[in-house]
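Just so you know, the sequences run in chain order A and B. So this note's numbering is basically just the index in the first sequence, starting at one, shifted up by 57. So this note's numbering is basically just the index in the second sequence, starting at one, shifted up by 153.
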Amino acid sequence: NAGVTQTPKFQVLKTGQSMTLQCAQDMNHEYMSWYRQDPGMGLRLIHYSVGAGITDQGEVPNGYNVSRSTTEDFPLRLLSAAPSQTSVYFCASSYGRWQGPHEQYFGPGTRLTVT
Amino acid sequence: AQSVAQPEDQVNVAEGNPLTVKCTYSVSGNPYLFWYVQYPNRGLQFLLKYITGDNLVKGSYGFEAEFNKSQTSFHLKKPSALVSDSALYFCAVRVPTLSGSARQLTFGSGTQLTVLP
Numbered sequence: 058n059a060g061v062t063q064t065p066k067f068q069v070l071k072t073g074q075s076m077t078l079q080c081a082q083d084m085n086h087e088y089m090s091w092y093r094q095d096p097g098m099g100l101r102l103i104h105y106s107v108g109a110g111i112t113d114q115g116e117v118p119n120g121y122n123v124s125r126s127t128t129e130d131f132p133l134r135l136l137s138a139a140p141s142q143t144s145v146y147f148c149a150s151s152y153g154r155w156q157g158p159h160e161q162y163f164g165p166g167t168r169l170t171v172t
Numbered sequence: 154a155q156s157v158a159q160p161e162d163q164v165n166v167a168e169g170n171p172l173t174v175k176c177t178y179s180v181s182g183n184p185y186l187f188w189y190v191q192y193p194n195r196g197l198q199f200l201l202k203y204i205t206g207d208n209l210v211k212g213s214y215g216f217e218a219e220f221n222k223s224q225t226s227f228h229l230k231k232p233s234a235l236v237s238d239s240a241l242y243f244c245a246v247r248v249p250t251l252s253g254s255a256r257q258l259t260f261g262s263g264t265q266l267t268v269l270p
């Protein structure tokens with residue numbers, strides 16, 4: 058059971074480039090989410106999904122797109138990278154469509170630098 | 154709106170001493186409360202949660218937390234700290250709605266715990 062996996066672990070982009078951060082889970086969790094972590098700001102929710110074909114915006118969605126074609130995968134797309142998107146990105150999943158009291162399982166993170 | 158405050162950016166404690174990492178919250182309704190730990194260059198790991206019932210919650214690695222509704226706090230504690238407990242700790246809150254769904258998880262800014270040998 059691999060849990061939540063993310064690729065790549067590190068990435069450097071130039072301003073204006075696009076890329077996709079991959080996230081997969083093998084726990085058959087319905088709920089998946091993307092966070093960014095910046096120093097002194099905790100984790101902020103970018104986008105989330107409550108099942109295949111259903112996505113919604115979180116607190117800081119601008120500049121990011123997501124899709125959920127399968128239960129297992131939840132990729133995050135940066136459309137045109139900006140230096141403000143330099144951050145550590147975490148994917149997480151949890152049991153149940155509407156979360157409730159369930160804890161989240163986090164991937165190891167992707168450290169992104171935009172120059 | 155829901156919010157979480159971790160008033161201390163850094164907590165230092167000697168090995169073997171008790172430790173406390175503070176968390177206060179502001180919500181409308183009865184919250185679900187969580188503690189997560191992050192070791193260097195790793196993702197967050199779940200430690201414990203409060204849903205309802207007994208105010209003292211026990212979790213992984215000997216940690217426990219006390220829910221105090223009147224003070225809107227959920228402080229993380231451990232009776233005897235280990236050097237290996239040194240990590241970044243996050244408190245988080247979520248409020249269930251009448252429909253059974255819940256607002257998204259809101260995280261505090263994190264507290265760096267350093268246990269000195």
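Positions of the beta carbon are idealized from the N, C-alpha and C atoms, including for glycine.
Length of the line joining the Cα atoms of residue i and residue j
{"i": "B/ASN208", "j": "B/PRO232", "result": "17 Å"}
{"i": "A/GLY108", "j": "A/GLU87", "result": "5 Å"}
{"i": "B/LYS230", "j": "A/HIS159", "result": "22 Å"}
{"i": "A/THR127", "j": "A/PRO140", "result": "31 Å"}
{"i": "B/THR259", "j": "A/PHE67", "result": "26 Å"}
{"i": "B/ARG212", "j": "B/THR205", "result": "The amino acid occupying residue 212 of chain B in the given sequence is Gly; Arg does not appear at that position. Computed Cα separation, rounded: 15 Å."}
{"i": "B/ASP162", "j": "B/GLN191", "result": "14 Å"}
{"i": "B/ALA234", "j": "A/GLY110", "result": "45 Å"}
{"i": "A/SER124", "j": "B/SER239", "result": "37 Å"}
{"i": "B/LYS222", "j": "B/GLY182", "result": "11 Å"}
{"i": "B/SER237", "j": "A/ARG101", "result": "27 Å"}
{"i": "B/GLN257", "j": "A/PRO118", "result": "14 Å"}
{"i": "B/PHE220", "j": "B/LEU201", "result": "12 Å"}
{"i": "A/GLY97", "j": "B/PRO193", "result": "15 Å"}
DSSP state of residue i mapped onto helix, strand, coil
{"i": "A/GLY108", "result": "strand"}
{"i": "B/ASP132", "result": "Outside the shown range of chain B, which is 154 to 270, sits residue 132 of chain B, and nothing can be said about it."}
{"i": "A/PRO140", "result": "helix"}
{"i": "B/SER213", "result": "helix"}
{"i": "A/GLN82", "result": "strand"}
{"i": "A/ILE103", "result": "strand"}
{"i": "A/ASN122", "result": "strand"}
{"i": "B/CYS244", "result": "strand"}
{"i": "A/MET98", "result": "coil"}
{"i": "B/SER262", "result": "coil"}
{"i": "A/PHE131", "result": "coil"}
{"i": "A/GLU160", "result": "coil"}
{"i": "B/GLU219", "result": "strand"}
{"i": "A/PRO165", "result": "coil"}
{"i": "A/ASP113", "result": "strand"}
{"i": "B/TYR189", "result": "strand"}
{"i": "A/ALA59", "result": "coil"}
{"i": "B/LYS230", "result": "strand"}
{"i": "B/ARG195", "result": "coil"}
{"i": "A/TYR92", "result": "strand"}
{"i": "A/ASP152", "result": "The amino acid at residue 152 of chain A is misidentified as Asp; the sequence shows Tyr. A/TYR152: coil per DSSP, three-state reduction."}
{"i": "B/PRO249", "result": "strand"}
{"i": "B/ALA154", "result": "coil"}
{"i": "B/VAL180", "result": "coil"}
{"i": "B/ASN165", "result": "strand"}
{"i": "B/LYS202", "result": "strand"}
{"i": "B/GLN224", "result": "coil"}
{"i": "A/GLN68", "result": "strand"}
{"i": "B/THR267", "result": "strand"}
Beta-carbon proximity check, residue i vs residue j, cutoff 8 Å
{"i": "B/GLY196", "j": "A/PHE147", "result": "yes"}
{"i": "A/GLY60", "j": "A/GLN82", "result": "yes"}
{"i": "A/TYR121", "j": "A/LEU135", "result": "yes"}
{"i": "A/ALA138", "j": "A/SER75", "result": "yes"}
{"i": "B/PRO143", "j": "B/GLU168", "result": "The displayed coordinates of chain B run from 154 to 270. Any statement about residue 143 of chain B would go beyond what the structure contains."}
{"i": "A/LYS71", "j": "A/THR143", "result": "no"}
{"i": "B/TYR178", "j": "B/THR225", "result": "yes"}
Supposed contact pair residue j and residue i - C-beta distance, whole angstroms, cut 8 Å
{"i": "A/HIS104", "j": "A/ASP113", "result": "7 Å"}
{"i": "B/TYR203", "j": "B/PHE227", "result": "6 Å"}
{"i": "A/GLN63", "j": "A/GLY164", "result": "4 Å"}
{"i": "B/VAL157", "j": "B/CYS176", "result": "6 Å"}
Does the stretch 213 to 220 of chain B come within contact of the stretch 155 to 170 of chain A, defined as at least 3 CB pairs closer than 8 Å?
Contact fails: fewer than three Cβ-Cβ distances are below 8 Å.
Okay, do the stretch 88 to 95 of chain A and the stretch 170 to 190 of chain B touch, 3+ Cβ pairs below 8 Å being the bar?
Not touching, per the Cβ criterion.
Would you say the stretch 230 to 250 of chain B touches the stretch 258 to 270 of chain B, given that touching needs at least three Cβ pairs under 8 Å?
Short answer: they touch.
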